[in-house]
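S.K.: Please see the structure below; I have some questions.
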Amino acid sequence: MNKLFAANWKMHKTTAEARQSASELVGLVSGKLKAGREVMILPPFTALAPVVEALRGSAGFLVGAQNVYPQKQGAFTGEVSPGMLLDAGASFVLTGHSERRHVLGETDDLVGTKTAFGLESGLGVILCVGEKLGERKAGELKAVLERQIRAGLRDVPKDTPPARLVLAYEPVWAIGTGEVASPKDILEAHAFVRHMLAEIFGPSGSELRILYGGSVKPDNASEIIALDNVDGVLVGGASLKADEFSRIVLA
Ligand code: PGA
């Protein structure tokens, strides 16, 4: 399975800025991307179409959305359905990002519903999990990961194609803080996520990709990517500048 380098732009960039960044990234990366790697840009909803347009025809590039509502359509003011995302050209969506859980108040239950509905609707899903600093200090890392993974995958069919479901381990204390998890922390958490996937999916659990996220930068990317059970990275801050992100993708 290809290693995945995902750029989570969060609530940044106008349509013009998004188009410009995506085109610049293609220019910097095209022809240099190592075999077995793919790149995904996750812009805000309003910039999906310009990013899709900027990436058209570029092999190895995908577009994802940052959020989705688990209904086909209806009276859900402010929400966007899987069909709308597919229509805009997105093929993936993030679920369970820590900012959705801890700033917007999404529950494990809602994350599970979104994950299953997204997959059922034809999107690929990147399910994010991760502990808060207090939880880690209290020795609750595995308990938190197990709870979030079981709830997140509760209704996901066991025969889901491995390419369409990705897990992302993002310790909340490492997101946007500049404090990256140590290789030992990453190895331990990813091994546990892998163990959970094997328990839930059986042999195909070994094929699902597990991304690391949290203060990934050009100077730490290659070390992180080389770790066992790390199948890519989910990058926030360092993905906003095409030049900086290209150095991660090409690391
Ligand atoms: P960061 O964000 O790279 O800025 O720490 C990662 C994320 O939230 O996905």
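Start counting the sequence shown at 0; every next residue gets the next number (numbering that gives the first Met the number 0). The beta carbon of each residue, even a glycine, is placed where N, CA and C say it ideally should be. A quick note: this is a predicted structure, and the numbers were derived from the prediction, not measured.
#1: Taking 8 Å as the threshold, find out whether the region 98 to 108 comes into contact with the region 156 to 166 through three or more Cβ pairs.
#2: Taking 8 Å as the line, does the beta carbon of residue 169 fall inside it for any heavy atom of the ligand PGA?
#3: Can you grab the Cα-Cα spacing for the pair residue 24 / residue 124, in whole Å?
#4: Quick one: what does DSSP say residue 157 is sitting in, helix, strand or coil?
#5: For residue 245, which residues in the same chain have their Cβ closer than 7 Å to its Cβ, ignoring the five residues on either side in sequence?
#6: Comparing C-alpha positions only, which one of 153, 79, 77 and 118 sits nearest to residue 91?
#7: At a cut of 8 Å, does the region 130 to 139 reach the region 70 to 89 through at least three beta carbon pairs?
#8: Mind checking residue 65: buried by the 16 CB within 10 Å criterion, or exposed?
#9: Straight-line CA distance for residue 14 to residue 20?
#10: Short of 6 Å in beta carbon distance, which residues of its chain neighbour residue 185, apart from the five on each side in sequence? Order them along the chain.
#11: How about residue 251 and residue 93: do their beta carbons lie closer than 9 Å?
#12: Quick one: complete alpha helix (DSSP H) runs, 4+ long, within the region 42 to 66?
#13: Give me the DSSP bridge partner(s) of residue 7.
#14: Hey, is residue 16 close to the ligand PGA, as in C-beta under 8 Å from one of its heavy atoms?
#15: By DSSP, does residue 75 sit in helix, in strand, or in coil?
M.R.: According to the data block:
#1: No: the two stretches stay apart, fewer than three of their Cβ pairs being nearer than 8 Å.
#2: As a position in the sequence shown, residue 169 is number 170, starting the count at 1. Yes; taking the cut-off as 8 Å, the Cβ of residue 169 has a heavy atom of the ligand PGA nearer than that.
#3: Start at 1 with the first residue of the sequence shown, and residue 24 comes out as number 25. Start at 1 with the first residue of the sequence shown, and residue 124 comes out as number 125. Between residue 24 and residue 124, the C-alpha separation is close to 23 Å.
#4: Translated into positions along the sequence shown, residue 157 becomes position 158. Correct three-state label for residue 157: coil.
#5: Looking up residue 245 in the sequence shown gives position 246. Correct list, in chain order: 24, 27 and 28.
#6: Within the sequence shown, residue 91 is the residue found at index 92, counting from 1. Ranked by Cα distance from residue 91, the options 153, 79, 77 and 118 are led by 118.
#7: Taking 8 Å as the limit for Cβ pairs, the verdict is that the region 70 to 89 does not touch the region 130 to 139.
#8: As a first step, residue 65 is located in the sequence shown; it is residue number 66 there, counting from the start. The residue in question, residue 65, is buried, as its Cβ has 16 or more Cβ neighbours within 10 Å.
#9: Along the sequence shown, read from residue 1 onward, the residue named residue 14 stands at position 15. Along the sequence shown, read from residue 1 onward, the residue named residue 20 stands at position 21. The alpha-carbon of residue 14 is positioned some 10 Å away from that of residue 20.
#10: The sequence position of residue 185 within the sequence shown is 186, counting from 1. These residues qualify, in order along the chain: 211 and 226.
#11: Past the edges of the chain, shown from 0 to 250, lies residue 251, and the structure says nothing about it.
#12: Counting only runs of 4 or more, we get 47 to 54.
#13: If you number the sequence shown from 1, residue 7 lands on position 8. Per DSSP, 41.
#14: On the sequence shown, residue 16 is found 17 positions in, with the first residue counted as 1. The closest heavy atom of the ligand PGA lies 8 Å or more from the beta carbon of residue 16.
#15: Numbered from 1 along the sequence shown, position 76 holds the residue referred to as residue 75. Assigned with DSSP and collapsed to three states, residue 75 falls in coil, not helix or strand.
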